[in-house]
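Protein chains in written order, with numbering that gives the first Met the number 0: chain H, 0 to 566; chain R, 0 to 100. For every residue, glycine included, the Cβ atom is placed at its ideal position computed from N, Cα and C. Data block below; observations after.
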Amino acid sequence: MDILTWTYILVGLSFTLYIGIALYTRAGSTKEFYTAGGGVSPLANGMATAADWMSAASFISMAGIIAFSGYDGSVYLMGWTGGYVLLALLLAPYLRKFGKFTVPDFVGDRYYSNKARVVAVICALFISFTYVAGQMRGVGIVFSRYLEVDINTGVIIGMCIVFFYAVLGGMKGITYTQVAQYCVLIFAYMVPAIFISMQLTGNPIPQLGLGDTVADGTYLLDKLDGVLSELGFAAYTSGRKGMVDMFAITLALMVGTAGLPHVIVRFFTVPRVKDARLSAGYALIFIAILYTTAPAVAAFGIYNAIDTVGGQPVNDLPDWVDNWQKTNLITVNDKNGDGIVQYTSDPATNELSIDKDIMVLASPEIAKLPNWVVGLVAAGGMAAALSTAAGLLLVISTSVSRDLFRTFKPNMTEKRELLIARISAAGAVVLAGYFGVNPPGFVAEVVAFAFGLAAASFFPVIIMGIFSSRINKEGAIAGMVSGLVFTLGYITYFKFGQTLLGLSPEAVSSDNWWFGISPEGIGSIGMLVNFVVCYLVSKITPAPPQDVQDMIQEIRIPRGAGKANDH
Amino acid sequence: MYKLKFSYNNNPITMSDNKQKMKAYWKKNLKTLMILLLIWFTVSFGFGILLVEPLNAVKIGGFKLGFWFAQQGSIYTFVILIFVYVFRMNQLDREFDVNEE
């Protein structure tokens with residue numbers, strides 16, 4: 000069977016599975032809709048968290064980003080895994096004990112203020128929307144590349160699927176579909192990685208293959224360093240980014256991960272505090288499987304590109320190059336007409352351009368694997384995009400029904416609240432789909448900033464809300480607002496300064512970054528601003544009331560979490 | 000006001016005992032966190048970023064050590080840290096009798 004048939008079969012099968020699960024696990028109450036009834040096992044929650052977390056960007060693009068940036072790409076590897084340590088140690092157990100449904104719930108109750116709650120809702124909505132627009136686009140791209148349909152048709156098909164199980168199933172439906180999606184995506188990622196590793200290094204474990212030798216007996220990484228330096232690029236194992244910037248970006252991504260509402264909310268779904276701790280551990284294992292494989296896929300990919308394409312005759316290139324030239328993800332342009340592909344760092348003489356996504360998308364063909372593996376990778380990419388989109392949509396709908404409607408209409412019946420949750424989930428799907436079809440030009444850039452914003456807004460006030468009983472509502476609100484404004488301001492100035500503010504290119508050049516910190520890393524400074532402002536303002540305003548201080552003591556003790564969730 | 004006082008004095012021994020106990024529990028919790036976060040910082044920001052150059056002089060197999068920490072080692076350490084935390088906290092919870100069934 001050909002690739003297209005296999006892709007239709009495997010993607011179709013996986014979609015049938017998701018819909019079947021969604022039908023089987025419909026949510027009947029608000030508690031099931033928001034937190035899957037609080038009865039998910041730590042292992043299942045760990046898997047669901049991993050799928051929720053790993054988006055189309057992790058699955059399709061990350062290996063390629065690392066391939067072209069080498070050591071600099073480590074910021075994503077450390078940043079997007081190290082955050083789970085913070086989450087497990089500093090947030091998950093206490094938020095689980097707190098026992099309500101959302102992050103704004105916690106902020107509102109801990110800071111005894113609906114104003115604080117509304118600020119938190121706005122942050123949550125802003126972060127989730129920027130993020131989800133990127134996911135819907137990702138769904139569309141996967142569809143169009145593999146099923147040869149139009150991107151917009153792809154987005155609409157994706158919308159329908161997500162609509163079906165997010166609106167019907169709520170958190171309960173999403174959780175169990177995410178478990179299935181994790182299995183699909185990790186299998187799809189590992190199969191080509193293992194085969195490529197065997198081909199190149201003879202080692203079946205990609206993580207070890209990365210440090211192994213290639214055919215001529217030299218170590219893969221040494222070989223890459225040498226070849227890339229010869230071609231005028233930076234050596235693979237040393238970076239171009241400044242140390243301060245590496246530090247700042249890694250920190251912003253770590254803290255941002257720990258502050259993302261769709262990740263935090265997953266820890267409300269397990270029965271006990273100790274389950275919340277354990278499921279964070281499971282989640283990181285499941286994530287680490289992909290995240291330690293990605294740098295191997297990256298190095299194998301760039302090595303293959305240089306070795307089998309660069310320096311080769313133009314009309315004798317491997318089949319996968321010909322196949323993917325049609326999609327423009329890889330282009331060969333024999334500028335000097337010598338019939339050989341020159342790959343160099345100088346854009347004027349470089350004849351080979353490779354899109355970062357190809358490292359994963361073409362990996363089955365590079366490894367000369369059977370056609371069904373290509374279909375599998377398509378289903379995996381789709382699973383990664385859909386699971387993340389669904390998790391985000393749930394946060395959006397919960398924010399609207401629970402944090403906005405219920406705050407101002409506390410006497411709503413449960414049935415009505417559930418209906419509002421479903422309607423807002425539906426609305427969010429449609430809106431996300433709209434952004435998927437008509438992406439604002441800056442979507443890709445904005446997604447990275449969702450982390451900076453999460454780092455600068457939520458993380459400090461949640462941490463201090465748990466670890467200090469002195470921080471009050473004035474401090475929290477001032478902290479969140481100043482962290483957010485600072486981060487947003489810096490990003491806008493340097494990223495959109497030319498288009499929005501009419502600044503000169505010199506004014507927004509990287510020479511003017513504060514301490515050499517890029518807009519991607521500024522969230523870590525925003526976080527510090529938030530911490531400092533929050534602390535100082537709290538110091539000069541009255542302490543929180545006694546019942547709030549009692550609550551803080553209460554959430555620090557694990558016993559009784561099961562009961563707390565029942566009201 | 001009087002009533003409030005009365006209820007506090009109702010069971011003075013267990014009350015203050017319990018408070019002391021919870022304080023001790025929290026202190027031990029914070030100590031565990033400090034140690035684990037110190038390791039978290041060292042393997043990622045320390046070995047992976049700040050000390051990457053000197054560590055790269057050391058080679059293990061095909062890996063320069065600093066590079067390995069940045070792209071592999073720190074992630075493995077993170078996983079181990081969380082499981083050590085889970086183990087240690089379960090121990091503490093039992094010791095202070097605040098564990099859940």
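- [ ] Would you mind sorting H:Pro-409 into buried or exposed? The rule is 16 or more other CB atoms within 10 Å of its CB.
- [x] As a working note, residue 409 of chain H is residue 410 in the first sequence. Classification for H:Pro-409: exposed.
Task: Below-8 Å beta-carbon distance, H:Phe-577 vs any chain R residue - done: Coverage of chain H is limited to positions 0 through 566, which leaves residue 577 of chain H absent and any answer about it impossible.
Open item on the list: Would H:Ala-431 and H:Ser-400 be called neighbours here (beta carbons separated by less than 8 Å)?
Closed with: What you label residue 431 of chain H is simply residue 432 of the first sequence in a count that begins at 1. What you label residue 400 of chain H is simply residue 401 of the first sequence in a count that begins at 1. Taking 8 Å as the Cβ cut-off, H:Ala-431 and H:Ser-400 do not qualify as a contacting pair.
Open item on the list: Is R:Gln-70 close to chain H? Criterion is C-beta to C-beta, closer than 8 Å.
Closed with: If you number the second sequence from 1, residue 70 of chain R lands on position 71. By this cut-off, R:Gln-70 is an interface position.
Task: Inter-residue spacing [alpha-carbon to alpha-carbon] between H:Asn-113 and H:Asp-104 - done: Here residue 113 of chain H is taken as the residue at index 114 of the first sequence, counted from 1. Here residue 104 of chain H is taken as the residue at index 105 of the first sequence, counted from 1. Taking the straight line from one Cα to the other gives about 10 Å.
Task: Neighbour-count burial assignment, H:Pro-541, 16 or more Cβ in a 10 Å radius - done: By one-based count along the first sequence, residue 541 of chain H stands at place 542. Exposed, because fewer than 16 other Cβ atoms sit within 10 Å of the Cβ of H:Pro-541.
Task: C-alpha gap between R:Tyr-84 and H:Val-436, whole angstroms - done: Here residue 84 of chain R refers to the residue found at position 85 of the second sequence. Here residue 436 of chain H refers to the residue found at position 437 of the first sequence. Their Cα atoms are separated by approximately 44 Å.
Task: Cutoff 8 Å: R:Met-88 Cβ touching any chain H Cβ - done: In the second sequence, counting from the first residue as 1, residue 88 of chain R sits at position 89. Output row for R:Met-88: interface = yes.
TODO: Within the same chain, show all residues whose beta-carbon is closer than 8 Å to that of H:Ala-186, passing over the 5 residues directly before and after it, in chain order.
DONE: If you number the first sequence from 1, residue 186 of chain H lands on position 187. The sequence as given places Phe at residue 186 of chain H; Ala does not occur at that position. The answer, listed in chain order, is Leu-375, Gly-379.
- [ ] Could you spell out where the beta strand (DSSP E) holding H:Val-331 opens and where it closes?
- [x] Within the first sequence, residue 331 of chain H is the residue found at index 332, counting from 1. Unbroken beta strand (DSSP E) run through H:Val-331: 329-331.
Open item on the list: Relative to the C-alpha of H:Leu-483, which candidate in H:Gly-464, H:Gly-525, H:Ala-275, H:Glu-505 has its C-alpha closest?
Closed with: Counted from its first residue, the first sequence places residue 483 of chain H at position 484. The shortest Cα separation from H:Leu-483 among H:Gly-464, H:Gly-525, H:Ala-275, H:Glu-505 belongs to H:Gly-525.
Task: Residue interval of the beta strand (DSSP E) (run including H:Leu-570) - done: Because residue 570 of chain H is not part of the residues shown, which for chain H are 0 to 566, the question remains open.
TODO: Compile a chain-ordered list of the residues in the region 50-64 of chain R whose CB is closer than 9 Å to at least one CB of chain H.
DONE: Of all residues in the region 50-64 of chain R, those with a C-beta nearer than 9 Å to a C-beta of chain H are Val-51, Glu-52, Asn-55, Lys-58, Ile-59, Gly-60, Gly-61, Phe-62, Lys-63, reading in chain order.
Task: R:Thr-76 versus H:Leu-283 - alpha carbon distance - done: The residue given as residue 76 of chain R occupies position 77 in the second sequence. The residue given as residue 283 of chain H occupies position 284 in the first sequence. One C-alpha to the other measures close to 11 Å.
TODO: Indicate the three-state DSSP secondary structure (helix, strand or coil) for H:Thr-24 in the structure shown.
DONE: Against the first sequence, residue 24 of chain H aligns to sequence position 25. In the three-state reduction of the DSSP assignment, H:Thr-24 falls in the coil class.
TODO: Round the Cβ separation of H:Asp-318 and H:Glu-364 to the nearest angstrom and send it over; I've been treating them as touching at under 8 Å.
DONE: Counting from one through the first sequence, the residue named residue 318 of chain H turns up at place 319. Counting from one through the first sequence, the residue named residue 364 of chain H turns up at place 365. Confirmed, Cβ separation roughly 7 Å.
Task: Rounded Cβ spacing between H:Asp-211 and H:Asn-202 (contact assumed at less than 8 Å) - done: Taking the first residue of the first sequence as position 1, residue 211 of chain H is located at position 212. Taking the first residue of the first sequence as position 1, residue 202 of chain H is located at position 203. Yes, they are in contact, since the Cβ atoms of H:Asp-211 and H:Asn-202 sit about 5 Å apart, within 8 Å.
- [ ] My understanding is that H:Lys-96 touches H:Asp-108, with C-beta atoms under 8 Å, so please give their C-beta distance in whole angstroms.
- [x] Along the first sequence, read from residue 1 onward, the residue named residue 96 of chain H stands at position 97. Along the first sequence, read from residue 1 onward, the residue named residue 108 of chain H stands at position 109. In fact, because the Cβ distance is near 13 Å, the residues do not count as touching under 8 Å.
Task: Sub-8 Å separation of H:Met-197 and H:Gly-78 beta-carbons - done: Numbered from its first residue, the first sequence carries residue 197 of chain H at position 198. Numbered from its first residue, the first sequence carries residue 78 of chain H at position 79. No. Outside cutoff.
- [ ] Taking only beta carbons into account, state which residues of the region 278-289 of chain H come closer than 8 Å to chain R, listed in chain order.
- [x] Ala-279, Gly-280, Leu-283, Ile-284, Ala-287
Task: Bounding residues of the alpha helix (DSSP H) (the contiguous stretch that carries R:Asn-89) - done: Numbered from 1 along the second sequence, position 90 holds the residue referred to as residue 89 of chain R. Residues 73-94.
- [ ] Using the Cα positions of H:Leu-88 and H:Arg-276, report the straight-line distance between them to the nearest angstrom.
- [x] Taking the first residue of the first sequence as position 1, residue 88 of chain H is located at position 89. Taking the first residue of the first sequence as position 1, residue 276 of chain H is located at position 277. Taking the straight line from one Cα to the other gives about 8 Å.
Task: H:Tyr-574 versus H:Ser-508 - alpha carbon distance - done: The first residue shown for chain H is 0 and the last is 566, placing residue 574 of chain H beyond what the model contains.
TODO: Determine the DSSP secondary structure at H:Thr-326, reduced to helix, strand or coil.
DONE: In the first sequence, counting from the first residue as 1, residue 326 of chain H sits at position 327. H:Thr-326: coil per DSSP, three-state reduction.
Open item on the list: Can you give me the C-alpha to C-alpha distance between H:Ala-427 and H:Phe-128, rounded to a whole angstrom?
Closed with: On the first sequence, residue 427 of chain H is found 428 positions in, with the first residue counted as 1. On the first sequence, residue 128 of chain H is found 129 positions in, with the first residue counted as 1. When rounded, the distance between both Cα atoms is 9 Å.
Task: Beta-carbon proximity list for H:Ile-551, same chain, < 6 Å, skipping 5 on both sides - done: Within the first sequence, numbered from 1, the residue matching residue 551 of chain H stands at position 552. Answer for H:Ile-551: Ser-468, listed in chain order.
Task: Limits of the unbroken alpha helix (DSSP H) element including H:Ala-542 - done: One-based indexing of the first sequence puts residue 542 of chain H at position 543. Counting along the chain, H:Ala-542 falls outside any alpha helix (DSSP H), and DSSP gives it neither H nor E.
Open item on the list: Just to confirm, is the Cβ distance from H:Ile-521 to H:Ile-554 under 8 Å?
Closed with: Numbered from its first residue, the first sequence carries residue 521 of chain H at position 522. Numbered from its first residue, the first sequence carries residue 554 of chain H at position 555. Against a cut-off of 8 Å, the Cβ pair of H:Ile-554 and H:Ile-521 comes out as no contact.
Task: Closer than 8 Å to chain R by CB, H:Phe-246 - done: By 1-based counting over the first sequence, the position of residue 246 of chain H is 247. Chain R, which has a Cβ nearer than 8 Å to the Cβ of H:Phe-246, makes this yes.
Task: Simplified DSSP assignment, three categories, for H:Thr-6 - done: Counted from its first residue, the first sequence places residue 6 of chain H at position 7. Note: H:Thr-6 maps to helix in three-state DSSP.
Task: Simplified DSSP state of H:Ile-462, which is helix, strand or coil - done: As a first step, residue 462 of chain H must be located in the first sequence, where it is residue number 463. Note: H:Ile-462 maps to helix in three-state DSSP.
Task: Per-residue DSSP class, three states only, for R:Ile-59 - done: For the purposes of this step, residue 59 of chain R is taken as the residue at position 60 of the second sequence. Reduced to three states, the DSSP call for R:Ile-59 is strand.
Task: Residues within the region 209-221 of chain H neighbouring chain B, beta-carbon criterion of under 9 Å - done: Annotation note: the requested chain B is absent from the structure, which comprises protein chains H and R.
Task: Residues that H:Thr-212 bridges to, as DSSP identifies them - done: For the purposes of this step, residue 212 of chain H is taken as the residue at position 213 of the first sequence. Answer is H:Tyr-218.
Open item on the list: Is the separation between the beta-carbon of R:Leu-80 and that of R:Gly-65 shorter than 8 Å?
Closed with: Taking the second sequence and counting its residues from 1, the one referred to as residue 80 of chain R is at position 81. Taking the second sequence and counting its residues from 1, the one referred to as residue 65 of chain R is at position 66. Result no, Cβ atoms of R:Leu-80 and R:Gly-65 do not sit closer than 8 Å.
- [ ] Name, please, each residue of chain H whose Cβ falls closer than 8 Å to the Cβ of R:Ile-34.
- [x] As a first step, residue 34 of chain R must be located in the second sequence, where it is residue number 35. Going along chain H, no residue has its Cβ under 8 Å from R:Ile-34, so there is no contact; the nearest lies around 11 Å.
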